[in-house]
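Residues 1 to 191 in the UniProt record's numbering are what the sequence shown spells out, letter by letter. For every residue, glycine included, the Cβ atom is placed at its ideal position computed from N, Cα and C.
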Amino acid sequence: MTVTHTSAFSPRATKLPDGFDSETMTEVRNDLADNSVATPEGTDQEDLATIVDTAREQGIELSVVVIEGNPGHDSELRDLATEVAKTEHGTVLVLSQDWVGTYSDNISRVRLELAEDHVRAVRPADSVDVKTRTFVDRVQHEGLIDPTTVTIVILLGFVAAIAGLAWLKARNGVKVLLPEDDSREEERVAR
């Protein structure tokens, strides 16, 4: 049987974490309505709500969803964040015990991923307040070095190095051998 690239590399269907159906999504949306925080039943939301309010004051329209345990795959958290974002605009942060998923309609994916990396490093794993605060801090933090600037500097350095080597060769009398034009070769033979 021949395997085509479309059958071998077909995109994975979005999947919400186990236990999330339309009824659960309605519960999450209802829980988000009062303070932009949704947590498992019986969990105190006060500290998270304070962090979310602070983030909103600083210009980040944040909603936080916390789920118990870990889903089967970490991409399910991003799928859940995307599903929540259909009704909650801005940035959605979904936290499980060890993983994090995000969606934002106004923050770049690169910036979100960098913030996610810092959140994953937070220990103890069940400290959702610290994870949320870390996420907000990292999203607000502008990188000290812009990737575009780094690329331009590297390219300019490369061009300067090549020009410097050519200048040194010319100064030392080393001839640079260039491929000769075939028409010149024919002229030499004809003479």
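When DSSP states are grouped into helix, strand and coil, L80 belongs to the helix group. By the neighbour-count criterion, in which a residue is buried when 16 or more other Cβ atoms sit within 10 angstroms of its Cβ, I67 is buried. Going by DSSP, S22 is part of the alpha helix (DSSP H) stretching over S22 to N35. By the neighbour-count criterion, in which a residue is buried when 16 or more other Cβ atoms sit within 10 angstroms of its Cβ, D79 is buried. When the Cα atoms are used, S96 and H73 turn out to be separated by approximately 11 Å. Annotation for V136: I51, T54, A55, Q58, I60 and L62 place their beta carbon closer than 8 Å to its own, counting only its chain and skipping 5 residues before and after. A contact is defined here as three or more CB-CB pairs under 8 Å, and the region 119 to 132 fails this definition with respect to the region 155 to 171. Burial of R133 is indicated by the presence of at least 16 other C-beta atoms within 10 angstroms of its C-beta. Classified as buried, V122 has 16 or more neighbouring CB atoms from the shown chains inside 10 Å of its CB. Distance from the Cα of E88 is smallest, within the candidate group N35, Q45, D47 and G42, for N35. The beta carbons of T91 and T82 sit no closer together than 8 Å.
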